[in-house]
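> Quick one: structure below, then a few questions.
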Amino acid sequence: MSNGYNVAVVGATGAVGTKMIQMLEQTTLPLKKVVLLASKRSAGKTLQFKGETLTVEELVPESFEGIDLALFSAGGGISATFAPEAVKRGAVVVDNTSHFRMDPQVPLVVPEVNKEALKKHKGIIANPNCSTIQMMVALEPIRQKAGLDRIIVSTYQAVSGAGARAVEELKSEAQDYLNGVPVSEWQAEILPAGADKKHYPIAFNALPQIDKFAEDDYTFEEWKMVNENQKNYGRCCHKSSGDLCAYSRGKWPFRICLHRNERKN
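Going by UniProt numbering, the sequence shown opens with residue 1, and the numbers climb by one from there.
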């Protein structure tokens, strides 16, 4: 590592993976090599990195040989299978999926809030979902000064949060609308949740639901904010713990991309 870190991006061709690559281009972290990993279907594609053309490789356990840092954003199932393989080969994993977030052995970190938790990692570090991160950064100065008893939050999340396929569906539906195709003929297959029984058009729409509903009439996305908040603040991961009570409601608006970090000097 004397000449820099060897970094792997898992899910390099996805909506978040491509953003990770862009952020790596801007980082001051010394980089020796960047390896782009994705499914067998995406292997062979090329992406640009700092003026160089990099070829996407198929993700296999051996992909992590010699890797120092592995950034995962390819779905929870991929993280469950391959993150331990990366750690086994000496890499530190930063996982952007929900798979490890509530694992008591894995720190859930927002650097502006609980960076000290990084010291406790055993090879895998998780980050909360985008809505939780933004809210916690904004609330942290208030928490430090006065404390927090209860949080009530409504989120309005970009379609890009559902991945590249959702963005493509939005574009397709918008084109259908401009071409006069009836809404009844649009091919809605993704939102509010891929596994849901019924899906709704994205274009020119705002869906008052993110993810599937649990038995208590909260969606899994809403519970993420409740549980992740409490874990980040070092509290019991249960809504009725009394330490910090967080309630959330999430909606999918039809905007293409609002997940953006801008750095101004």
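Just so you know, even glycine gets a beta-carbon here, dropped at the ideal spot from N, CA and C.
Buried or exposed: G147, going by 16 or more other Cβ atoms within 10 Å of its Cβ?
G147 comes out exposed.
> Would you please state the rounded distance, in angstroms, between the beta carbons of V92 and L69? I believe it to be under 8 Å.
Contact flag correct, Cβ pair sits at about 5 Å.
> Rounding to the nearest angstrom, what Cα-Cα distance links C130 and N179 in this structure?
Roughly 34 Å between the two C-alpha positions.
> Can you list, in chain order, the stretches of the alpha helix (DSSP H) that have 4 or more residues and sit fully within the UniProt domain "Semialdehyde dehydrogenase NAD-binding" (6-121)?
If we require 4 residues or more, the alpha helix (DSSP H) runs fully inside the UniProt domain "Semialdehyde dehydrogenase NAD-binding" (6-121) come out as 15-26, 76-88 and 111-114.
> So, at 6 Å on beta carbons, what are the nonlocal neighbours of H238 in its own chain, with the 5 sequence-adjacent residues on each side left out?
At H238 the pLDDT is 38, less than 50, meaning the model places this residue with poor confidence; the figure from the coordinates comes in the next sentence. There are no such residues.
> Going by the beta-carbon positions, is the gap between V10 and L47 smaller than 8 Å?
Going by C-beta atoms, V10 is not nearer than 8 Å to L47.
> Pull up the distance between the alpha-carbon of R101 and that of L108, whole angstroms please.
Distance between the alpha carbons of R101 and L108: 6 Å.
> Quick check on this structure: which residue in D196, N127, V106 and M135 has the alpha carbon closest to the alpha carbon of H121?
The shortest Cα separation from H121 among D196, N127, V106 and M135 belongs to V106.
> Tell me whether F64 is buried or exposed, calling it buried when 16 or more other Cβ atoms sit within 10 Å of its Cβ.
So F64 counts as buried.
> Just the Cα atoms here: how many angstroms apart are V167 and D216?
Whole-angstrom Cα-Cα distance: 30 Å.
> If we ignore side chains and look at the alpha-carbon of each, how far apart do E112 and V137 end up?
Taking the straight line joining both Cα atoms gives about 6 Å.
> Would you mind stating whether V35 and A74 have Cβ atoms separated by less than 8 Å?
Result no, Cβ atoms of V35 and A74 do not sit closer than 8 Å.
> May I ask which residues mark the beginning and end of the beta strand (DSSP E) holding A126?
Element bounds for A126: I124 to A126.
> Specify the secondary structure class of V181 as computed by DSSP and reduced to three states.
The answer is coil: DSSP assigns V181 none of H, G, I, E or B.
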